[in-house]
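Undergrad: Let me begin by handing over the structure; questions about it come next.
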Amino acid sequence: MYKIIFISLIMCFALNIEAQTFKAGGIIGLNASQIRGDDSAGFNKLGIVGGLKAAVDVGTKLEASIEILYSQRGSYQQATNNNPDEFRINTDYISIPLIISYKDWLADDDYYRLHFHTGLSYGRLINATINKEKNSPILEEFVENDFSGLFGATYYLNPNLALTARYTRSINKLFEGPGTSINSNSYLGFFLTFHVLYMI
Numbered sequence: 603m604y605k606i607i608f609i610s611l612i613m614c615f616a617l618n619i620e621a622q623t624f625k626a627g628g629i630i631g632l633n634a635s636q637i638r639g640d641d642s643a644g645f646n647k648l649g650i651v652g653g654l655k656a657a658v659d660v661g662t663k664l665e666a667s668i669e670i671l672y673s674q675r676g677s678y679q680q681a682t683n684n685n686p687d688e689f690r691i692n693t694d695y696i697s698i699p700l701i702i703s704y705k706d707w708l709a710d711d712d713y714y715r716l717h718f719h720t721g722l723s724y725g726r727l728i729n730a731t732i733n734k735e736k737n738s739p740i741l742e743e744f745v746e747n748d749f750s751g752l753f754g755a756t757y758y759l760n761p762n763l764a765l766t767a768r769y770t771r772s773i774n775k776l777f778e779g780p781g782t783s784i785n786s787n788s789y790l791g792f793f794l795t796f797h798v799l800y801m802i
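This is how it looks when you write it as structure tokens:
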């Protein structure tokens, strides 16, 4: 994991040297997530997301970027009359999305207001709890490496400040299988991200 982060940072510095269009910035926002297969519905589990972003123009309207994020995900189901037990899965990841963006809507200040993006993300699980339990045997069955696909859009309020909405879906299952103590056949993570981006 540390090697991946180190290589990613080296790539960013290399882009800075070779390209005049290199930009970097910070991200802070909110995840709304769920897990398919846990008998709950809706993006009810809220968590924070934050980190760093580096980007470089690879064409007039194309941009390549990398992010290093702390991302809280999971699933949450409130207690109801039919089901009096509250259910919550908390998962914390360090995520590294690799993104390609298409830019449109040129503003008077010579920047593009809309960036439509897609990409792939690698996530490393750093913490997990089920109903706030820290030593449940089920926790040992969480997969440490998460691979996801994503797409979304960013709207720039000015050349530096932007708002992003993004959808991310895990490609691999969240639990080991077969033969685990839980039914992992359909346990896949989904989440919506809404964050503020500031680029310099």
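Start counting the sequence shown at 603; every next residue gets the next number (our numbering). From the three backbone atoms N, C-alpha and C, an ideal C-beta is built for every residue, glycine too.
Can you name the start and end residues of the beta strand (DSSP E) that Asn692 belongs to?
TA: Indexing the sequence shown from 1 puts residue 692 at position 90. It spans Phe689 to Leu708 - the beta strand (DSSP E) in which Asn692 sits, taken as one unbroken run.
Undergrad: I'd like to confirm the pairing. Which residues does DSSP put opposite Gln674 in its beta bridges?
TA: Position 72 of the sequence shown, counted from the start, is the residue given in the question as residue 674. The partner list for Gln674 (beta bridge, DSSP) reads Asp694.
Undergrad: In angstroms with no decimal places, state the Cα-to-Cα distance between Gly781 and Arg638.
TA: As a position in the sequence shown, residue 781 is number 179, starting the count at 1. As a position in the sequence shown, residue 638 is number 36, starting the count at 1. Annotation note: pLDDT 48 at Gly781 (below 50); position unreliable, coordinate value reported separately. Straight-line Cα distance between these residues: approximately 19 Å.
Undergrad: Name the DSSP beta bridge partners of Thr720, please?
TA: As a first step, residue 720 must be located in the sequence shown, where it is residue number 118. Partner(s): Ile702 and Phe753.
Undergrad: By DSSP's criteria, Ile629 is part of a beta bridge. Which residues make up the other side?
TA: For the purposes of this step, residue 629 is taken as residue 27 along the sequence shown, with counting starting at 1. Looking at the DSSP assignment, Ile629 forms a beta bridge with Gly653 and Leu799.
Undergrad: Do Ile630 and Gly652 come within 8 Å of each other at the CB atom, strictly closer than that value?
TA: As a position in the sequence shown, residue 652 is number 50, starting the count at 1. As a position in the sequence shown, residue 630 is number 28, starting the count at 1. For Gly652 and Ile630, yes; Cβs fall inside 8 Å.
Undergrad: Quick one, are the C-beta atoms of Asp748 and Gly725 less than 8 Å apart?
TA: Working through the sequence shown from its first residue, we reach residue 748 at position 146. Working through the sequence shown from its first residue, we reach residue 725 at position 123. Their beta carbons are under 8 Å apart, which means Asp748 touches Gly725 by this criterion.
Undergrad: Since Ile702 and His719 are thought to touch, with beta carbons under 8 Å apart, how far apart are those beta carbons, to the nearest angstrom?
TA: Numbered from 1 along the sequence shown, position 100 holds the residue referred to as residue 702. Numbered from 1 along the sequence shown, position 117 holds the residue referred to as residue 719. Correct: roughly 7 Å between the Cβ atoms.
Undergrad: Below 6 Å CB to CB, which residues in the same chain sit around Phe796 once its five sequence neighbours on both sides are set aside?
TA: Locating residue 796 in the sequence shown gives position 194, counting from the first residue. So the list reads Gly631, Leu632 and Ala767, once near-sequence residues are dropped.
Undergrad: I need the DSSP call for Leu776, collapsed to helix, strand or coil.
TA: Within the sequence shown, numbered from 1, the residue matching residue 776 stands at position 174. It is coil, neither helix nor strand.
Undergrad: Drop a sphere of 10 angstroms on the beta-carbon of Thr662, count the other beta-carbons inside from all chains shown, and report buried for 16 or more, exposed for fewer.
TA: Position 60 of the sequence shown, counted from the first residue, corresponds to residue 662. Exposed, because fewer than 16 other Cβ atoms sit within 10 Å of the Cβ of Thr662.
Undergrad: Grouping DSSP H, G and I as helix and E and B as strand, with all else coil, what is Leu741?
TA: Here the question's residue 741 lines up with position 139 in the sequence shown. Leu741 falls in the helix class under three-state DSSP.
Undergrad: Go through its chain and collect everything with a Cβ distance to Phe689's Cβ below 6 Å, but skip five positions before and after it.
TA: As a first step, residue 689 must be located in the sequence shown, where it is residue number 87. If we look at Phe689 and ignore the five residues flanking it on each side, its Cβ neighbours are Gln679.
Undergrad: Run through DSSP, which three-state label would Gln636 get?
TA: The sequence position of residue 636 within the sequence shown is 34, counting from 1. Gln636: strand per DSSP, three-state reduction.
Undergrad: Do you know offhand how far Ala755's Cα is from Lys655's?
TA: If you number the sequence shown from 1, residue 755 lands on position 153. If you number the sequence shown from 1, residue 655 lands on position 53. If I take the Cα positions, the gap works out to 15 Å.
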